[in-house]
Amino acid sequence: MKPTLDENGRLIPREDYRISSLNCGGEDFAVACMRANLRYEKNQKREDVKSHHYIISFDPRDGTDNGLTVDRAQELGEQFCKEHFPGHQALVCTHPDGHNHSGNIHVHIVINSLRIYEVPLLPYMDRPADTREGCKHRCTNAAMEYFKSEVMEMCHREGLYQIDLLSGSKERITEREYWAAKKGQLALDKENAVREAAGQPTKPTKFETDKAKLRRTIRQ
230 MKPTLDENGR LIPREDYRIS SLNCGGEDFA VACMRANLRY EKNQKREDVK SHHYIISFDP
290 RDGTDNGLTV DRAQELGEQF CKEHFPGHQA LVCTHPDGHN HSGNIHVHIV INSLRIYEVP
350 LLPYMDRPAD TREGCKHRCT NAAMEYFKSE VMEMCHREGL YQIDLLSGSK ERITEREYWA
410 AKKGQLALDK ENAVREAAGQ PTKPTKFETD KAKLRRTIRQ
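In this text, residue positions in the sequence shown follow the working numbering: the first is 230, and each later residue adds one.
Now the structure itself:
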């Protein structure tokens with residue numbers, strides 16, 4: 230996170246923040262990461278990507294309008310980290326304001342790029358190595374789009390304000406289309422589960438909205 234400075238450029242220590250570590254075995258995050266890196270002989274070169282830093286930034290109005298607190302944001306950040314970055318040593322830190330006094334709560338998630346135990350294949354993973362112990366996290370474009378959609382879904386579930394995080398992608402979609410796709414995918418998954426149980430052939434596993442089909446047709 231960027232430091233907060235006074236008018237003379239001196240550091241102002243943060244007072245109101247929450248911080249916790251995951252998968253560090255009670256050790257300091259930096260020490261735990263160094264031990265793991267040595268054990269697996271990874272991240273020993275200067276040019277190696279040793280960590281990844283993700284930020285969840287909530288709407289400034291969520292505190293006053295929706296009751297979001299620093300403590301609750303910290304809980305959400307920890308849950309997000311456990312769900313999407315299992316197997317990684319991590320540091321989760323939440324503070325109530327940015328360096329530019331924007332007034333919105335931020336959650337910082339920093340993970341060791343090295344995975345210290347094997348994990349299930351998650352939706353954003355596309356290689357066997359993405360699940361293996363001793364291998365490294367890859368921040369791909371597909372992964373970022375997935376994380377953004379998961380943050381949007383989290384905000385929707387918690388009754389918080391939402392920003393269309395996917396609008397910056399090459400395929401611009403509205404929030405309405407995003408939720409239509411999510412709803413359609415859930416319905417398709419349920420239908421396929423019934424078909425599979427009955428021994429019937431399943432339909433295509435990925436749901437597409439009409440607009441998504443149109444975009445795909447245009448690209449072809």
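Cβ atoms here follow ideal geometry from the backbone N, Cα and C, with glycine treated the same way.
> Can you tell me whether DSSP reads R367 as helix, strand or coil?
Replying inline: coil
> Going by other Cβ atoms of all chains shown within 10 Å of its Cβ, with 16 needed for buried, is D245 buried or exposed?
Replying inline: exposed
> Is DSSP giving N295 helix, strand or coil here?
Replying inline: helix
> To the nearest angstrom, how far is it from the Cα of S249 to the Cα of H313?
Replying inline: 17 angstroms
> So what's Y283 in DSSP terms, helix, strand or just coil?
Replying inline: strand
>> Assuming N341 is part of the beta strand (DSSP E), what are its boundary residues?
In response: H335 to R344
> Where DSSP assigns a beta bridge to A324, which residues make up the other side?
Replying inline: Looking at the sequence provided, one finds His at residue 324 rather than Ala. Bridge partners of H324: H335.
> Which same chain residues, not among the five before or five after A371, have their C-beta less than 8 angstroms away from its C-beta?
Replying inline: Y353 and D355
> Any C-beta of chain B sitting closer than 8 angstroms to the C-beta of F376?
Replying inline: In the structure shown, chain B does not exist; there is a single protein chain.
> If you draw a straight line from the alpha carbon of R344 to that of R290, how long is it in whole angstroms?
Replying inline: 36 angstroms
>> Starting from L267, trace the beta strand (DSSP E) in both directions and tell me its first and last residue.
In response: Careful: L267 lies outside any beta strand (DSSP E), inside the alpha helix (DSSP H) at F258 to Y269.
> With a CB to CB cut of under 7 angstroms and the five nearest residues on each side skipped, what residues in its chain are close to S398?
Replying inline: Low per-residue confidence applies at S398: pLDDT is 49, beneath 50, and the placement is therefore not dependable, though the value from the model is reported in the following sentence. Hits under 7 angstroms: E374.
> Out of K279, K274 and R386, which has the shortest C-alpha to C-alpha gap to F258?
Replying inline: K279
> If L389 and L320 are in contact, beta carbons under 8 angstroms, what's the gap, nearest whole angstrom?
Replying inline: So it is not a contact: roughly 23 angstroms between Cβ atoms.
>> By the three-class DSSP mapping on this structure, what secondary structure does L350 have?
In response: coil
> Would you say H366 and S286 are within 8 angstroms of each other, going by their C-beta atoms?
Replying inline: no
>> Between which residues of its own chain and C310 is the CB-CB distance below 7 angstroms, once the five residues before and five after are set aside?
In response: L251, A319, V321 and I338
> To which residues does DSSP link S250 through a beta bridge?
Replying inline: L320
>> To the nearest angstrom, how far is the alpha carbon of R301 from that of I392?
In response: 19 angstroms
>> For the ligand SAM, is there any heavy atom lying closer than 7 angstroms to the beta carbon of N370?
In response: The ligand SAM is not among the ligands present in this structure, which contains no ligands whatsoever.
>> Quick check: what's the CA-CA separation for G363 versus E382?
In response: 31 angstroms
> Which residue from I340, D359, K412 and I284 puts its Cα closest to that of D326?
Replying inline: I284
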